[in-house]
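According to my numbering, the residues represented by the sequence shown are 485 to 853, in order.
Cβ coordinates follow ideal geometry from the N, Cα and C atoms, glycine included.
Let me begin by presenting the structure, written as C-alpha cells, before commenting on it.
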Amino acid sequence: MDRFRNGARRACALGSALALLALAGLAAEGAAKLSPQEEALVREAKKEGSVTLINPIIADGTERVFGAAFVKYYGLGENFKFNNLRKGTGPVVAQVRQEIKANKFTAGAMFVNNPAFFAAAAKEGAFLKLDSVRWKDHEAGMRTAGQYFNYPYVVTPFAYTFVPVWNANCPGMENVKIESIFDTVAPALKGKTIASDLTKSSTYTNTALGLEEAGIDMADFWKKLKATEPVIEFRTEPKLQMVMKCERTVDTWNLAARVPQAIEGKPELRQHIRIGTYKEGHVMLGNQMAALKGAAHPNAAKLLIEFFLTRESADIMATHEGMYSFMKGWKIPKEAWFMTEVKPLGIKDWVGAGKKFDATRDRWSGTFQ
485 MDRFRNGARR
495 ACALGSALAL
505 LALAGLAAEG
515 AAKLSPQEEA
525 LVREAKKEGS
535 VTLINPIIAD
545 GTERVFGAAF
555 VKYYGLGENF
565 KFNNLRKGTG
575 PVVAQVRQEI
585 KANKFTAGAM
595 FVNNPAFFAA
605 AAKEGAFLKL
615 DSVRWKDHEA
625 GMRTAGQYFN
635 YPYVVTPFAY
645 TFVPVWNANC
655 PGMENVKIES
665 IFDTVAPALK
675 GKTIASDLTK
685 SSTYTNTALG
695 LEEAGIDMAD
705 FWKKLKATEP
715 VIEFRTEPKL
725 QMVMKCERTV
735 DTWNLAARVP
745 QAIEGKPELR
755 QHIRIGTYKE
765 GHVMLGNQMA
775 ALKGAAHPNA
785 AKLLIEFFLT
795 RESADIMATH
805 EGMYSFMKGW
815 KIPKEAWFMT
825 EVKPLGIKDW
835 VGAGKKFDAT
845 RDRWSGTFQ
C-alpha cells in the first residue's frame, strides 16, 4: 500500500529473553549451513564492512533483531553494520529510480511491492545477477501464490495481505463472525464500517483487481459497502484506532501485524480485537528484492538477499511484521499469534496491472463519491 509503512511504528517483538536465545542459536546453526556461494560472499562482505537496505517495511524494533540475526548467522563480526533506510512505498521507488539514473546510490539492496518498477529496472540492467542456493525453496511457492519475480535479478522473499479486523466488545458486535468478504457488508453493520480508499493506494487497487480475477463481483461488494454508510480512509493505523475506540467497529482491509502494535501495553484488548480470514481468499502482495548494480558493498548486498531467503529471516519477518513466506515447508511461528493460514490469490499480470488502475478507481469513485 502506498504509504503502507508511513508514520511511527513499534514492532511486535518477541520477549528479550526469547530474542537473545534465538540469536544465539542462529550463530551456531548458520555456520554449518553455509554454501560455497555464501562463504565467498561472507569473505568479501567482511571486507566491505556494512550493508544498507532501503525498504518501506522494517521498523526500528525489527531492525535491531533482524540486523543482529544477519550478522550472527554469517559470523560477520561485531563491527559489521546493518543499516536500515525506511521510507514509504512511493518514496522508496522514487529515490532508487533517481539513483539508478544518476549512478549514485544510498543503498546496496532494496525491497518494495512494485513489480512494474522491478521489471523495467531489470530490463535496463540495473540489478546485480544473483547466485542463490536458497531461491529454489521459494520459487514454486511464489509461483503457486501468483507472485511476480524475475530470478536471477529479482526475488520475492515474502508477502503481506489485508485481513478483516473488528472489535467484538463494541455494541452489536458480540456475535459477529466474518468468514466471507461479504460478511463485512451485512445490513446489521450499517454505520459501523470503513471503506478503504482505492484512489490513494496501489495495494488496495491491486487487491480489488486480484479479487475480481478470482471471480468476486467487486461492483456488488462496493454497492453493499456503501449501503452500510462507511467512512473512507486509506491508512491502516487510523482505521485500526477507529475500530479499537468503537468509532467504527469493522475494517474490511487492515494488516494483522497492526493489532499487536496497537494493543501493546493493553493486554485486555487482545480478547476483543478479532482478526479474520476470507473463504474467497486473500490477494498476496509480494515484496520484490534486488541488489543495485553500481552501489557500494555489492557482496554484502547479495549476502543480505540470501539471508532474506532463510527460514530464520522468514520467522523474524512473520513475528515482527506479519509477513508470509512461501518457502517450502515453512509454517507460521507460534510467536506470530496474529497470523493465520490463508488461501493465497495473485494477479495474472502484475507488471501490466497498473494499466487497469484508472478504470478500477473510477468505478470505485463512482460508487462512493
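Residues sharing a beta bridge with residue i, DSSP
{"i": "Met594", "result": "Ile538, Ala774"}
{"i": "Val555", "result": "Answer by DSSP bridge pairing: none, since Val555 is not bridged."}
{"i": "Tyr808", "result": "Ala643"}
{"i": "Leu829", "result": "Val767"}
{"i": "Arg570", "result": "Asn539"}
Span of the beta strand (DSSP E), counted from its first residue to its last, around residue i
{"i": "Val638", "result": "From DSSP, Val638 is part of no beta strand (DSSP E); its letter is neither H nor E."}
{"i": "Asp735", "result": "734-738"}
{"i": "Ala679", "result": "677-680"}
{"i": "Glu562", "result": "Unbroken run through Glu562: none, as it is neither H nor E."}
{"i": "Val715", "result": "715-717"}
Closest residue to residue i among the options (Cα-Cα distance)
{"i": "Ala774", "options": "Phe791, Tyr762, Arg758, Gly561", "result": "Phe791"}
{"i": "Leu769", "options": "Lys818, Lys832, Tyr635, Arg732", "result": "Lys832"}
{"i": "Glu873", "options": "Cys730, Asn783, Ile816", "result": "For the chain, the structure presents residues 485 to 853; residue 873 sits outside this window and is missing."}
{"i": "Leu518", "options": "Val617, Phe566, Gly630, Ala779", "result": "Val617"}
{"i": "Trp906", "options": "Pro744, Glu731, Pro540", "result": "No statement about residue 906 is possible, as the shown extent of the chain runs from 485 to 853 and does not include it."}
{"i": "Ser664", "options": "Lys707, Val580, Gly592, Gly760", "result": "Gly760"}
{"i": "Gly838", "options": "Asn783, Thr691, Trp706", "result": "Thr691"}
{"i": "His756", "options": "Gln772, Trp737, Lys729", "result": "Lys729"}
{"i": "Ala586", "options": "Phe841, Ala624, Ala779", "result": "Ala779"}
{"i": "Gly813", "options": "Ala698, His622, Tyr762", "result": "His622"}
{"i": "Val734", "options": "Val649, Trp619, Thr844", "result": "Val649"}
{"i": "Tyr558", "options": "Thr712, Ile789, Gln772", "result": "Ile789"}
{"i": "Gln631", "options": "Leu829, Gly850, Ile662", "result": "Leu829"}
{"i": "Pro599", "options": "Ala784, Glu697, Val835, Leu709", "result": "Val835"}
{"i": "Thr689", "options": "Asn653, Phe841, Glu528, Glu532", "result": "Phe841"}
{"i": "Phe595", "options": "Thr536, Gly609, Glu658", "result": "Thr536"}
{"i": "Ala624", "options": "Met811, Glu825, Thr573", "result": "Met811"}
Span of the alpha helix (DSSP H) around residue i
{"i": "Glu532", "result": "520-532"}
{"i": "Lys723", "result": "720-728"}
{"i": "Leu693", "result": "686-697"}
{"i": "Leu709", "result": "702-711"}
{"i": "Arg849", "result": "The sequence given here places Ser at residue 849; Arg does not occur at that position. Run containing Ser849: 841-852, per the alpha helix (DSSP H) assignment."}
Integer Cβ distance of residue i from residue j, believed to fall under 8 Å
{"i": "Leu525", "j": "Lys786", "result": "6 Å"}
{"i": "Lys530", "j": "Phe566", "result": "No, Lys530 and Phe566 are not in contact; Cβ-Cβ is about 13 Å, not under 8 Å."}
{"i": "Lys684", "j": "Phe705", "result": "So it is not a contact: roughly 19 Å between Cβ atoms."}
{"i": "Met726", "j": "Ile678", "result": "6 Å"}
{"i": "Thr712", "j": "Leu673", "result": "5 Å"}
{"i": "Leu614", "j": "Tyr635", "result": "7 Å"}
{"i": "Asn783", "j": "Glu522", "result": "Wrong, their Cβ atoms sit about 10 Å apart, outside the cutoff."}
Task: Whole runs of the beta strand (DSSP E) within the segment 744-795, excluding any shorter than 3 residues - done: 757-759, 769-775
Task: Completely contained alpha helix (DSSP H) runs for the segment 600-660, where each covers 4 or more residues - done: 620-628
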